[in-house]
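Written below as structure tokens is the structure these notes are about.
Number of protein chains: 4
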Amino acid sequence: MVMETKITVLDKPKLNNPILIEGLPGIGNVGRVAAGYLIDQTKAVKFAELYSSHFLPFVLVHENSEIALLKNEFYYIKGKKGGRDIIVLIGDAQSLDQIGHYEIAEKILEFVESFGCKEIYTLGGLGTGQLETPNPKVFGALTSQKMKKKLESYGVDFSVASKLGTIVGASGLLLGLGKLRGMDGVCLMGETAGFPIVTDPKSAEAVLKILMKILGMNVDLKTLDQRVKEMESFINKIENLQRKAVEEMTRGVQKEGKEDLRYIG
Amino acid sequence: MVMETKITVLDKPKLNNPILIEGLPGIGNVGRVAAGYLIDQTKAVKFAELYSSHFLPFVLVHENSEIALLKNEFYYIKGKKGGRDIIVLIGDAQSLDQIGHYEIAEKILEFVESFGCKEIYTLGGLGTGQLETPNPKVFGALTSQKMKKKLESYGVDFSVASKLGTIVGASGLLLGLGKLRGMDGVCLMGETAGFPIVTDPKSAEAVLKILMKILGMNVDLKTLDQRVKEMESFINKIENLQRKAVEEMTRGVQKEGKEDLRYIG
Amino acid sequence: MVMETKITVLDKPKLNNPILIEGLPGIGNVGRVAAGYLIDQTKAVKFAELYSSHFLPFVLVHENSEIALLKNEFYYIKGKKGGRDIIVLIGDAQSLDQIGHYEIAEKILEFVESFGCKEIYTLGGLGTGQLETPNPKVFGALTSQKMKKKLESYGVDFSVASKLGTIVGASGLLLGLGKLRGMDGVCLMGETAGFPIVTDPKSAEAVLKILMKILGMNVDLKTLDQRVKEMESFINKIENLQRKAVEEMTRGVQKEGKEDLRYIG
Amino acid sequence: MVMETKITVLDKPKLNNPILIEGLPGIGNVGRVAAGYLIDQTKAVKFAELYSSHFLPFVLVHENSEIALLKNEFYYIKGKKGGRDIIVLIGDAQSLDQIGHYEIAEKILEFVESFGCKEIYTLGGLGTGQLETPNPKVFGALTSQKMKKKLESYGVDFSVASKLGTIVGASGLLLGLGKLRGMDGVCLMGETAGFPIVTDPKSAEAVLKILMKILGMNVDLKTLDQRVKEMESFINKIENLQRKAVEEMTRGVQKEGKEDLRYIG
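Chains as they are written, first to last, in my numbering: chain A, 177 to 441; chain B, 177 to 441; chain C, 177 to 441; chain D, 177 to 441.
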């Protein structure tokens with residue numbers, strides 16, 4: 177195959193014992209929004225892009241008529257002098273198919289490992305099915321017991337493991353496959369309604385607050401609400417387009433009417 | 177794997193800074209018909225064929241009883257003395273599955289890049305859902321702002337980017353993946369009804385007119401209507417056969433009746 | 177991948193300019209039955225087996241409790257002194273997925289090419305939808321015009337090309353991909369009802385009669401009816417089992433009831 | 177591809193002519209439960225783990241909040257002095273897709289072959305559709321006739337081959353693909369109701385009793401009932417989670433409502 181998943185490196189920064197923070201699209205877009213805001217506020221620098229044939233086979237058309245492939249992006253944030261650096265992974269999409277999920281997670285791990293990364297925080301939402309959650313909790317799952325005490329002291333709730341059951345997609349596989357590589361990791365999940373296409377800034381804020389404590393960072397969360405609104409319209413646009421594209425591509429197979437059975441949209 | 181996507185080279189022409197023009201099957205078959213007519217009128221020379229296991233697993237049977245694999249074809253048109261040459265890509269089919277779309281687009285780019293190609297025009301239709309469009313517009317999306325002004329002066333409409341959202345399949349991916357290789361590109365989309373299996377010669381004519389202006393070419397469009405009718409019957413035949421084959425292959429899985437559940441057609 | 181499609185060679189016969197005859201399962205099992213009878217009557221010798229991960233993931237259990245993978249088999253028939261030899265390809269199954277069809281056909285061609293094979297006859301049925309066809313015709317499609325006259329003189333009917341449209345699976349792809357390798361080939365299709373799981377010995381007899389004329393062979397067709405009955409019960413058993421297995425594997429996804437949604441049968 | 181199926185070796189024991197015993201999830205979880213109990217009682221030592229991108233793309237979250245990839249596991253049991261050693265293969269999952277079944281089986285065989293393994297026992301259930309089976313029989317299928325007599329003398333029933341038809345997944349493919357490598361093998365199937373998610377300890381006990389006789393081992397079966405109850409809750413949890421994950425992943429495509437069509441869970 178000519179292409180499966182490839183990472184285009186824009187810059188090769190020297191990073192000090194970096195931590196990976198992942199925030200790809202998912203339930204309530206909690207991780208996506210939290211990671212996006214973090215990048216904004218810290219003026220993080222993009223240094224690599226990931227493309228994959230496991231993403232939907234189309235390009236997005238932006239307002240200025242420019243086209244763009246679906247992608248994931250790597251940013252770095254330099255730590256305070258002598259402190260650890262951070263790699264933030266955000267993006268438009270996750271794999272469309274099962275095998276791609278593993279392949280992309282492995283590519284990401286291989287890449288951040290080359291910068292010396294040994295610690296991973298994946299951010300996501302935990303759908304509760306309840307419309308209102310005034311003070312969303314942040315639940316955790318991890319690769320080993322050794323960080324549990326410290327994380328509990330920052331407010332991460334490990335009491336609901338039995339209710340979690342599974343963590344689907346990048347937030348889970350980065351930890352599971354990372355563990356095989358000797359990496360430590362935690363998944364931080366903000367309590368959220370969990371309905372499709374409802375971006376939840378409150379839950380993202382709760383996750384960010386705890387993440388800041390853990391990392392000893394100081395990020396102003398005052399503008400989060402406003403920024404989430406801006407991001408939300410972009411994220412929802414992509415989600416709508418993806419939904420339409422999936423509909424279009426599966427239309428023929430799903431519909432009864434024979435006239436509509438076209439395998440190309 | 178023995179075969180995924182391969183290009184059979186019939187001739188290795190020396191091409192001068194060639195431009196790729198893509199016209200594969202799609203909405204209203206606008207691109208397909210426009211590229212087909214261009215090949216006819218300029219007596220373009222076929223120099224390569226692309227085969228892929230991502231096309232439907234059957235052969236076509238022509239009127240003379242000869243069989244033929246589904247394929248894409250590369251033609252070249254020599255420019256006026258000292259001028260740039262053109263590569264035209266047409267074909268019977270696009271990938272049946274998501275991953276194949278990326279793979280085939282990459283193979284095409286790799287191939288045309290080996291002839292020095294750095295500029296791409298993909299042709300397609302933009303479905304409006306309206307039955308009648310007396311004077312179809314030509315909309316554009318592009319890889320960078322630098323060609324926008326020039327293209328607008330030729331009548332390309334860049335005002336509807338927000339409505340486009342996505343460009344699915346080869347017309348989108350050739351631009352997106354080409355951009356990663358440093359290629360410039362534009363997708364020209366003729367306004368069309370967008371109903372399945374309705375070939376739209378008027379929309380193809382609108383696209384061709386603008387493309388001719390951009391390329392400084394002179395192609396007689398008088399016989400377009402007649403040629404489109406001829407092409408239409410062939411294109412519709414292929415589409416019908418593909419539809420039937422897809423139906424046949426998915427029949428077992430879709431129907432309720434157990435007697436019909438056969439995994440081979 | 178550890179395994180995709182592989183051919184296990186039992187014997188490396190020296191073959192004189194051999195002709196490939198393919199008879200895999202398909203419409204009315206015409207090709208399968210014709211090739212099976214040919215093997216029986218000529219005491220053809222098995223010299224290779226093909227296995228593929230594109231076949232269903234199970235083993236058959238035979239009456240004597242022995243298990244067997246799904247497979248295709250290569251037999252050879254030595255020609256009369258100085259005459260051309262024949263390779264016969266039969267089997268239990270064709271690819272379950274689209275990409276596998278291409279891969280398996282390429283593997284087969286690569287293999288028979290290594291014995292010097294340059295000519296292919298694929299055998300199949302052409303479904304007419306009519307219950308009774310007292311004197312089934314044999315229709316043909318081919319890779320080039322050069323054999324047409326000769327074949328017509330033996331009774332092959334090339335008048336219905338326009339009705340054929342496509343030839344799905346191995347019978348089509350072996351010819352299409354073979355043509356790319358410079359091989360000549362013909363698909364002989366016996367007229368048959370085309371209902372699923374109705375093996376049609378009359379149609380197979382019609383195909384065999386013409387094939388014998390073409391190859392200048394003499395095979396007694398008197399016992400065909402009886403042998404087809406025997407083969408039919410085995411072929412139908414495999415088809416039933418495959419149908420059940422596909423049902424079992426897709427059960428979860430198809431049924432509404434949640435309790436049945438198990439991804440392993 | 178970065179990852180398809182890989183085996184992580186924890187220890188490289190020297191094994192004496194080892195026998196492979198497979199007990200992966202399947203009908204009534206007979207094999208899984210039997211192999212699990214065998215490991216428990218013999219204090220078998222884990223020496224390798226198998227991971228695959230053909231398993232569902234998620235991690236399990238255990239009670240202690242630790243995450244774990246889906247996996248298969250290899251244990252060894254040292255035989256009595258001079259006797260043959262045993263490799264036991266258990267696990268959480270089988271391949272989600274058809275091709276993965278072949279790939280994983282081949283990886284397993286390649287791995288155990290490197291320890292000199294030439295004999296395989298796969299354990300499973302044979303669904304009868306009857307709720308109560310007070311004295312479940314143990315049915316057998318095998319790679320060759322040579323072990324049949326001996327196995328019959330231990331109580332394995334080979335009389336129902338014609339009813340078996342096929343053996344789907346690892347229990348079948350390990351034998352079929354193993355046979356190609358010159359390995360001998362038997363599938364032992366305990367009679368069981370065969371309803372989804374009903375773990376059947378009685379059937380597992382019947383299989384274990386016969387397996388112990390064949391291997392000349394002595395394992396106390398008194399605590400089987402209790403251990404099965406413990407295992408059952410874990411196995412059912414995984415099955416429920418997998419079912420939910422499959423539901424979540426296929427939700428969009430299956431449901432009619434457009435609002436739910438999300439390709440990421």
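Glycine included, each C-beta is placed from N, C-alpha and C at the ideal position.
As the structure is a computational prediction, the values presented were derived from the model and not from experiment.
Own chain residues within Cβ distance below 8 Å of residue 379(D), not counting five before or after: Apart from the 5 residues on each side of it in sequence, residue 379(D) sits with its Cβ closer than 8 Å to the Cβ of 204, 206, 301, 309, 312, 366, 367 and 368 in its chain, given in chain order.
CA-to-CA distance, residue 239(B) to residue 440(C), given in whole angstroms: Only weak support is given to the placement of residue 440(C): the predicted model assigns it a pLDDT of 27, under 50, and the value that follows is read from those uncertain coordinates. About 46 Å.
Start-end ranges of the beta strand (DSSP E) lying completely within the stretch 238-319 of chain A, minimum 3 residues: Within the stretch 238-319 of chain A, the complete beta strand (DSSP E) runs of at least 3 residues are 243-245, 248-253, 262-267, 295-303 and 314-318.
Within-8 Å CB hit, residue 245(A) to chain B: yes
Reduced DSSP secondary structure (H/G/I, E/B, other) of residue 401(D): Three-state result, residue 401(D): helix.
Three-state class that DSSP yields for residue 182(C) in the structure shown: Strand at residue 182(C).
Whole-angstrom distance between residue 261(B) and residue 396(B), CA atom to CA atom: Per the coordinates, the alpha-carbon of residue 396(B) lies some 19 Å from the alpha-carbon of residue 261(B).
Distance between beta carbons of residue 266(C) and residue 327(C), contact taken as under 8 Å: So it is not a contact: roughly 23 Å between Cβ atoms.
Residues bridged to residue 362(D) (per DSSP): 297(D) and 318(D)
Residue 248(D) burial status per 10 Å Cβ neighbour count (16 or more: buried): Around the CB of residue 248(D), 16 or more other CB atoms lie within 10 Å, so the residue is classed as buried.
Closer than 9 Å at the beta carbon, the chain C residues around residue 334(D): The contact set of residue 334(D) on chain C, defined by CB atoms closer than 9 Å, consists of 240 and 241 in chain order.
Residues of its chain near residue 278(B), where Cβ-Cβ distance is below 8 Å and the 5 sequence neighbours each way are ignored: 349 and 353
Distance cut-off 7 Å: residue 221(C) Cβ against heavy atoms of the ligand SAH: Questions concerning the ligand SAH fall outside what the structure shown contains, since it holds no ligand whatsoever.
Whole-Å CB distance - residue 183(A) paired with residue 283(A), under 8 Å assumed: 6 Å
C-alpha gap between residue 361(D) and residue 320(D), whole angstroms: Between residue 361(D) and residue 320(D), the alpha-carbon positions lie close to 8 Å from each other.
Chain D contact residues for residue 320(A), given Cβ-Cβ distances below 7 Å: 242
Start and end residues, beta strand (DSSP E) containing residue 232(A): No beta strand (DSSP E) holds residue 232(A); DSSP gives it neither H nor E.
Interface positions of the stretch 261-278 of chain B facing chain A (Cβ-Cβ less than 7 Å), listed along the chain: Taking 7 Å as the Cβ-Cβ cut-off against chain A, the residues of the stretch 261-278 of chain B that qualify are 270, 272, 274, 275, 277 and 278.
Chain-ordered neighbours of residue 234(B) on chain C, where CB pairs are closer than 8 Å: 342, 343, 344, 345, 348 and 349
Secondary structure of residue 371(A), DSSP reduced to three states: coil
Reduced DSSP secondary structure (H/G/I, E/B, other) of residue 236(C): strand
Limits of the unbroken beta strand (DSSP E) element including residue 203(D): Counting along the chain, residue 203(D) falls outside any beta strand (DSSP E), and DSSP gives it neither H nor E.
Within 9 Å of chain B by C-beta, residues of the stretch 216-231 of chain A in sequence order: 225, 227, 228, 229, 230 and 231
Integer Cβ distance of residue 289(D) from residue 208(D), believed to fall under 8 Å: 23 Å between Cβ atoms; not a contact.
Own chain residues within Cβ distance below 6 Å of residue 431(C), not counting five before or after: Residue confidence for residue 431(C) is low, a pLDDT of 32 falling below 50, so the modelled location carries little weight and cannot support an answer.
Run of the alpha helix (DSSP H) containing residue 383(B), from where it starts to where it stops: 377-391
Residues that residue 184(D) contacts on chain A, provided the C-beta gap is smaller than 9 Å: Neighbours of residue 184(D) on chain A, chain order: 356.
Through-space distance from residue 347(A) to residue 370(A), alpha-carbon basis: Between the alpha carbons of residue 370(A) and residue 347(A) lies a gap of roughly 16 Å.
Test item: CB-CB of residue 280(C) and residue 228(C) under 8 Å: Judged by beta-carbon spacing, residue 228(C) lies within the 8 Å limit of residue 280(C), meaning their Cβ atoms are closer than that value.
Per-residue contacts from residue 326(D) into chain C (C-beta, under 8 Å): Counting only Cβ-Cβ distances below 8 Å, residue 326(D) has no contacts in chain C at all, with the closest Cβ about 13 Å away.
Residue burial classification, residue 404(B) (beta-carbon count within 10 angstroms, cutoff 16): buried
Own chain residues within Cβ distance below 8 Å of residue 212(D), not counting five before or after: 199, 266, 403 and 407
Close Cβ partners of residue 271(D) (< 6 Å) along its chain, the five nearest in sequence each way excluded: 230, 277 and 280
Test: residue 329(B) CB closer than 8 Å to a CB of chain A: Any Cβ of chain A closer than 8 Å to the Cβ of residue 329(B) would place that residue at the interface, and such an atom is absent.
Within-8 Å CB hit, residue 439(D) to chain C: Here residue 439(D) scores only 25 on pLDDT, less than 50, and its place in the model is too uncertain to base an answer on.
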